[in-house]
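Structure record follows, encoded as structure tokens.
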Amino acid sequence: MRINIQFKDRVGIAHEILAVLARRGLNVVAVEVDPPHIYIDSPDLLDFMLPSLQADCQQVRGVGDIKVLDVLPGIRRRLNLDTMMAVMEDPVLAIDAGGHIVIANAAAATAVRMSEAELCQRNLNQVLDETGILEELLTSGFRLPSREVILNGEPFFMDVTPVSEPQGMDIAQHGRSVGAVLTFHAPTRIGGRLHALQHSEGSGFHFIIGESEQIRALKTRAARVAVVDAPLLITGETGTGKELLAQACHGASGRSNAAFLELNCAALPESLAESELFGYTSGAFTGAQRGGKPGLFEMADGGTVFLDEIGEMSMYLQAKLLRFLNDGKFRRIGSDKEVRVNVRIISATHRNLRKMVQEGSFREDLFYRLNVLHLEMPALRERPDDILPLARHFIERACTQAQKPVCRLNSAACAALVSNHWPGNVRQLQNVVFRAITMSDQRVLDAADLDWAEGSITADVVKTDVTESWEDSVNAFERSLLESMYPHYPSSRKLAMRLATSHSMIATKLRKYGIPQKR
């Protein structure tokens, strides 16, 4: 039985309490003293003995009640600690003031290919592949910034947390360091955390808003492409949502549980883009992080790397990327060691890569390696039926961000949105809506609010003095536009070319509104 005896602290009281148990012939296997409590584990103590033991103990000055425990507090803490260490996926080592390992979890044992018992007989220098780190820890009082180290030939980021003894009775006041807890993060674990931070809302084809014929066809094709583990090239104008499509394809693939990390090839100079993709070793260049840094390919191992604006990549990086695509191996900057990873490459561009190949500004062999699978993201003007659903979505989001009640668009504003050419595509529509919501105090947005935000929007053909539903307003505008333009462009193909949209969409609209077509 395990008991908790409360007492008023004084010199020798714990000895007197244990003497009571000894006189009764009770074997004691564990004792923990934490004033005003003394915790005792005595297997010989039975329930019927408690009343008499209570009476004997109360003969000792300062002793209070006796309570039965399920487990001693110190043992409970050790069990909890052991469980926490066992479930942690990152390797963890606790070292004493001399650098000897005193605690190791299962992940650390797996990383160095030893048992936990063997690890606890080693010094830190015997575990790490590079010397000098223990000396730095001891010299700095176990206060070092995060850095990359090598465990059993594999790179890990090491975080150091000093263990300090308390000053006096206040455990919040730390004294000298008596050791440290070292946590090691593998590149893939770091990549997983980056993915979780950047894509906390999740991904999927339902995030691609639209029910137009073009979007439905795109989603159907993309769902088939997503499950094929091969490079994918996504083309389309700027602002159409190519990254969103790439995320959806990753989410529907067999790699969905691994990281999805992206690099905008147009946003970084060549040297920085190279280090971001391939990583570097310690001292590889001026300003390099001490200990080195893994690149996106290492951090996304088992997952997907999205290369946005691949057409802006330099010829030098194109050659390095081609070599990686050939065998899945690369070298960090400043290293002669080859690293092999398994990632899927999804790339995107708004440029005409075939034309760039003919001009010699993009490698032909790389183009064919990237263009194994292909998806085309349609421009917003090619799917006008999706403009208003997208606008409603952006209105709700903008109102939430601005902490305003959800606004709506009147018929003139709806027609203005549908009639605009949208050279900036979905991104431009989002910006127009956000500016209008931010700057207007109206609960119902008019075309003038949108015109103020984006001068290219006009809606002169719609009368605002007629109260209509959203759908009726859009239908009226479409009918008016087609009736006025059809005599000048008397075929669905000519009219589609003039409006910069698809022939099938125009043909469908003409049939819908009964506008005669000349054969």
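Here the working numbering is used: the first residue of the sequence shown is 26, the next is one more, and so on.
Glycine included, every Cβ here is placed at the ideal spot set by N, Cα and C.
As the structure is a computational prediction, the values presented were derived from the model and not from experiment.
| Item | Value |
| --- | --- |
| Simplified DSSP state of Phe-230, which is helix, strand or coil | helix |
| First and last residue of the uninterrupted beta strand (DSSP E) at Asp-66 | 62-66 |
| Candidates Ile-63, Arg-35, Gly-37 and Met-26: closest to Asn-52 by CA position | Met-26 |
| Same chain, Cβ closer than 7 angstroms to Val-458, five either side skipped, listed in chain order | Ala-416, Phe-419, Ile-420 and Ala-423 |
| Pick from Ala-221, Ala-344 and Ala-44 that is closest to Asp-390, judged by C-alpha positions | Ala-344 |
| Residue from Arg-408, Leu-169, Gln-426 and Arg-218 with nearest C-alpha to Val-443 | Arg-408 |
| Residues bridged to Thr-329 [DSSP beta-bridge criterion] | Phe-285 and Arg-369 |
| Counterpart residues of Val-204 in DSSP-defined beta bridges | As written in the sequence, residue 204 is Gly, which differs from the Val given in the question. According to DSSP, Gly-204 bridges with Asp-121 and Val-188. |
| Residue from Ala-205, Ala-461, Thr-260 and Ile-233 with nearest C-alpha to Ala-248 | Ile-233 |
| Secondary structure of Gln-272, DSSP reduced to three states | helix |
| Cβ-based burial, Ser-67 [other Cβ within 10 Å; buried from 16] | buried |
| Nearest-angstrom Cβ-Cβ length linking Leu-153 and Leu-169, presumed shorter than 8 angstroms | That pair is no contact at about 13 angstroms. |
| Start and end residues, beta strand (DSSP E) containing Cys-399 | According to the sequence as given, residue 399 is His; it is not Cys. Counting along the chain, the beta strand (DSSP E) containing His-399 begins and ends at 398-401. |
| Whole-number beta carbon distance between Gly-166 and Pro-191, since they are thought to touch under 8 angstroms | About 16 angstroms; that fails the 8 angstroms criterion. |
| Beta bridge counterpart(s) of Met-381 as assigned by DSSP | In DSSP, Met-381 forms no bridge with anything. |
| Cβ-Cβ distance between Ala-271 and Val-206 below 7 angstroms | no |
| Check whether Gly-328 and Ala-283 have beta carbons under 7 angstroms apart | yes |
| Nearest candidate by alpha-carbon position, reference Ser-241, set Ser-517, Ala-44, Asp-410 and Ile-30 | Note on identity: in this sequence residue 241 is Arg, with Ser being the wrong assignment. That would be Asp-410, whose Cα lies nearest to the Cα of Arg-241. |
| Distance between Gly-99 and Pro-60 (C-alpha atoms, nearest Å) | 14 angstroms |
| Strand pairing of Val-88, partner residues [DSSP] | Phe-32 |
| Helix, strand or coil at Thr-135 [DSSP, three-state] | helix |
| Pairwise C-alpha distance: Asn-150 and Thr-156 | 6 angstroms |
| Three-state secondary structure assigned by DSSP to Arg-168 | coil |
| Pick from Arg-406, Ala-373 and Thr-306 that is closest to Glu-363, judged by C-alpha positions | Thr-306 |
| Separation of Leu-378 from Gly-143, as counted between CA atoms | A small correction: the amino acid at residue 143 is Glu; Gly does not occupy that position in the sequence shown. Computed Cα separation, rounded: 57 angstroms. |
| Distance CB(Ala-255)-CB(Val-397) smaller than 7 angstroms | yes |
| Alpha carbon of Ser-19 to alpha carbon of Val-252, nearest angstrom | Absent from the model: residue 19. The displayed extent of the chain is 26 to 544, so no value can be given. |
| When Arg-102, Met-183 and Val-431 are compared against Pro-319, the one with the closest alpha-carbon | Met-183 |
| Three-state secondary structure (DSSP) of Pro-512 | coil |
| Test item: CB-CB of Ser-228 and Gly-276 under 7 angstroms | yes |
| Given Gln-31 as reference, the closest of Gly-50, Tyr-64 and Val-54 once Cα atoms are compared | Tyr-64 |
| Val-499 burial status per 10 Å Cβ neighbour count (16 or more: buried) | buried |
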